[in-house]
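Numbering (mature numbering (1 follows the signal peptide of the UniProt record, and there is no 0)), first residue to last: -28 to -1, 1 to 952.
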């Protein structure tokens, strides 16, 4: 038996150097994947492995050389000739290095039992592998029963003696794993039960997810989990980066990274480059970590160093705190241009054009400073609180303001500043323009007079310092104590006038005032003069017959003159004073007090030739001066377009163009042009202005000023809740002023409604729709009456509905409905009630309730306009006066008709000193951060806040906007710091 073992065993040893021929060179076996960490590698040992083998005659450690003469340590056993083999080989203690799961890779060769002659049937072709987990690294003995079996290892290919001779023997490689390790380390053991085996290599390793950088987050080397569990790993942001969302990944059991979540972003001033953040180069910047890359500096700014988070503005340019860093640096605007001042006694209207240079911004506002100057125009002082600005003095968004309550006969200097968001940041003077105006002067007292029995000649001194060149003088006279019955106006260009046709021995009262291009001045004092008694006939009985004949002849002559006056009056609104061709005389009877300088409205249909009315009242325009740009609507007679009008010597203006459609009849042409004949007689800032007509070529056109915001009802619906009550009152005041003008001219509109009011870009409301042929046949708001024709029931007074009695009083009723439309932002009067229900309800005394947030005083004014008796309704002049008082004293608008308590921080129930307290007081505390972030940190700063600024602060609910702006209006009225 011993001889046979020696024969077999040396033969195994003899051929052992050739067992590895297929795997040379050996160094290639040592290049392992980067996600594997080797704990034990027998092939890398330079000396004895020192493993424990028992019994001693079992496993034997042998050194062999591969083809490159690299030493290799192997263990082999081949006790196949003896039965009942139990040979153990145990490694040294292997530290697990924190791994919960390790892998064992073994490479071995195994001899085919059939290739061994004379070997008993107990020969084996397998062996067993075990492990024992322990914290002790120096155990010298482990019981067999303490080991845990890993697996029984069998060879995929065994070799024979012939194989050794042919040098084609194969290595077997098997890999097994151990999971859920918890102690410091473990021992491996190999059990041979009677096989001929060479253990060429044993390698123990664990897998890890290697260090990696993804989404600018670095994930460290991570040992895989046990039992194939995923290990969640939190990444760390690389240089100059910060977390946008916590970066995480999962390490899988096979050492791969899975499911990336979150990311890091480069800090301001840095941009991503591969797997790290690099600084922005000079000339570029990155303001926010969420921006992807550095960008070039915006206009008028630069960065000279790396890592710029914003670019510095060039000299003279600035960036507001609320401006995004990507916005170009801007500068303050230049001064306003084309200033125009219009003086009307103690009221001045200032208008101007926007600055030529806006500084690159769109948030242009205007502020005014007022100074009153002494006679030498050298000493000037602030105007004080007695002067009022409508709509306001500071923070104007429109290029127009009306200044009221000035002192007469005084010089004023107004400085108009144009401002934008960076004006306060600039050390240079603001863009401003100065306007000097002089309030109206009265004409001096009469210097001389000459009287006769039927005439008086007057001479007067003009104003010392008129506001521009004097255009004409206006003389008003009436019989003493008879002013309301007969009021006569004379006009002349000289300062001498003879008034004839007077009654002998009668006292007359005279007043004189001047008109310049800037408007009318104040009247001078009243002068009482009496015609003489000379040349009066003494009635003699002997001459009674002659006197009677003379009287009869005088009566006939008087009747003739009256008839001539009536006939001629159909074609003009005045008669010429015989004694001076430059004078105009107008008689206004029945106690009607006329606007100075106005004329009586003349119905175009009183002309025998309607074309003559067009020639008298409308200017003919050359069609080549008109450029039509686009269609904006359709009228009763044809299209309505917008375009431009350029007249010689004047600047180009926007206009609206109504054209008469082709195929018209003579009546349609006459009716179409009649509107121009009417509009041409009106000259008022709140009446749509006629620019002219085109009648000498086709198509026939009517040219009017262009109103950018269209009809008032549509405009209000589009901007529901976006105006302060003062702005609404300003609109109503403009409409009432226009209607007062029409009423003073004895013109009755008949269809006053918000749909027939036009609004321009400055929110100025103007009365329109003067078509005489308008029978409202196509008006959906109209209804047939018993007398035929259609009228707008919801806007029409009861007497006009029942008796077709249209007067200025019926227009006042309609104005009350317009007030309701304005305050309700274009809601339909009487809602869905039928026209018949409306008529019945009004007759029974029903009146429209106050709209939401309507001040009590406005609703009361509406109710006054809706008095059933037309004589009880206010006149338009009274309405204008009432609205002027409300504009000057907005505190009266605080009490709402539909609210018992108006939450106003300036009432005695409140005491506020900060923006936060103010917002809490008006129940708008949810916007405190919005105001703070936008820079509104003091009560003074919110005084001139606008709708557009509220939208920028994400205050988008119309009701909230209205509530805030209403409270701001109260702060403006009462002052910002209120103490109880």
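Backbone N, C-alpha and C define an ideal beta-carbon position, used for all residues, glycine too.
Values in this document were obtained by computation on a predicted structure and should not be read as measured data.
{"Asked": "Cβ pair count under 8 Å reaching 3, the stretch 144 to 157 against the stretch 85 to 94", "Found": "no"}
{"Asked": "Contact the stretch 789 to 797 vs the stretch 677 to 695: 3+ CB pairs below 8 Å", "Found": "yes"}
{"Asked": "Selected residue, minimal CA-CA separation from residue 836, among 701, 424 and 787", "Found": "787"}
{"Asked": "Reference residue 445, options 467, 695, 640 and 780, closest by Cα", "Found": "467"}
{"Asked": "Exposure of residue 669, with buried meaning 16 or more beta-carbon neighbours within 10 Å", "Found": "exposed"}
{"Asked": "Residue 373: first and last residue of the uninterrupted beta strand (DSSP E) it sits in", "Found": "372 to 376"}
{"Asked": "Neighbourhood of residue 474 by C-beta distance below 7 Å, restricted to the same chain and skipping five residues each side", "Found": "426, 427, 428, 480 and 503"}
{"Asked": "Distance between residue 715 and residue 635 (C-alpha atoms, nearest Å)", "Found": "36 Å"}
{"Asked": "Check whether residue 59 and residue 193 have beta carbons under 8 Å apart", "Found": "no"}
{"Asked": "Residue from 395, 590, 610 and 915 with nearest C-alpha to residue 633", "Found": "610"}
{"Asked": "Under the three-state DSSP convention, the category residue 115 falls into", "Found": "coil"}
{"Asked": "Rounded straight-line distance, which links the Cα of residue 393 to that of residue 933", "Found": "21 Å"}
{"Asked": "Every unbroken beta strand (DSSP E) inside the stretch 568 to 621 [3 residues or more]", "Found": "598 to 606 and 611 to 617"}
{"Asked": "DSSP three-state assignment for residue 791, whether helix, strand or coil", "Found": "helix"}
{"Asked": "Buried versus exposed call for residue 825 [16 or more other C-beta atoms within 10 Å across all chains shown]", "Found": "buried"}
{"Asked": "Inter-residue CB distance, residue 251 and residue 7 (contact presumed, cutoff 8 Å)", "Found": "Not a contact, Cβ separation roughly 34 Å."}
{"Asked": "Under 8 Å between C-beta atoms of residue 53 and residue 9", "Found": "no"}
{"Asked": "Residue span of the beta strand (DSSP E) that contains residue 190, given as start and end", "Found": "189 to 191"}
{"Asked": "Bridge-paired residues (DSSP) for residue 181", "Found": "194"}
{"Asked": "C-alpha gap between residue 790 and residue 281, whole angstroms", "Found": "55 Å"}
{"Asked": "Cβ-Cβ distance between residue 362 and residue 682 below 8 Å", "Found": "no"}
{"Asked": "Rounded C-alpha distance that separates residue 745 from residue 582", "Found": "Because residue 745 carries a pLDDT of 34, less than 50, the predicted location of this residue cannot be relied on, and the following value inherits that uncertainty. Cα-Cα distance, rounded: 13 Å."}
{"Asked": "Coil, strand or helix - residue 163 by DSSP", "Found": "strand"}
{"Asked": "Continuous beta strand (DSSP E) stretch holding residue 47: start and end", "Found": "43 to 49"}
{"Asked": "Residue 722, buried or exposed, once every other Cβ within 10 Å from all chains shown has been counted against 16", "Found": "buried"}
{"Asked": "Residue 130 burial status per 10 Å Cβ neighbour count (16 or more: buried)", "Found": "buried"}
{"Asked": "Inter-residue Cα distance where the pair is residue 615 and residue 360", "Found": "37 Å"}
{"Asked": "Element boundaries [beta strand (DSSP E), containing residue 959]", "Found": "There is no way to answer for residue 959, as the model of the chain reaches only from -28 to 952."}
{"Asked": "The stretch 228 to 241 / the stretch 202 to 217 touching (three or more Cβ pairs under 8 Å)", "Found": "yes"}
{"Asked": "Nearest candidate by alpha-carbon position, reference residue 68, set 145, 151, 62 and 56", "Found": "151"}
{"Asked": "Beta-carbon contacts of residue 694 that lie in its chain and below 7 Å, excluding the five residues immediately before and after", "Found": "919, 930 and 933"}
{"Asked": "For residue 161, the nearest candidate out of 123, 180 and 179 (CA to CA)", "Found": "123"}
{"Asked": "Backbone secondary structure at residue 738 - three-state DSSP", "Found": "strand"}
{"Asked": "CB contact flag (residue 869, residue 822, <8 Å)", "Found": "yes"}
{"Asked": "Residue 837 - containing beta strand (DSSP E), residue span", "Found": "Per DSSP, residue 837 belongs to no beta strand (DSSP E); it is in the alpha helix (DSSP H), 828 to 837."}
{"Asked": "Proximity below 8 Å, CB of residue 272 to CB of residue 300", "Found": "yes"}
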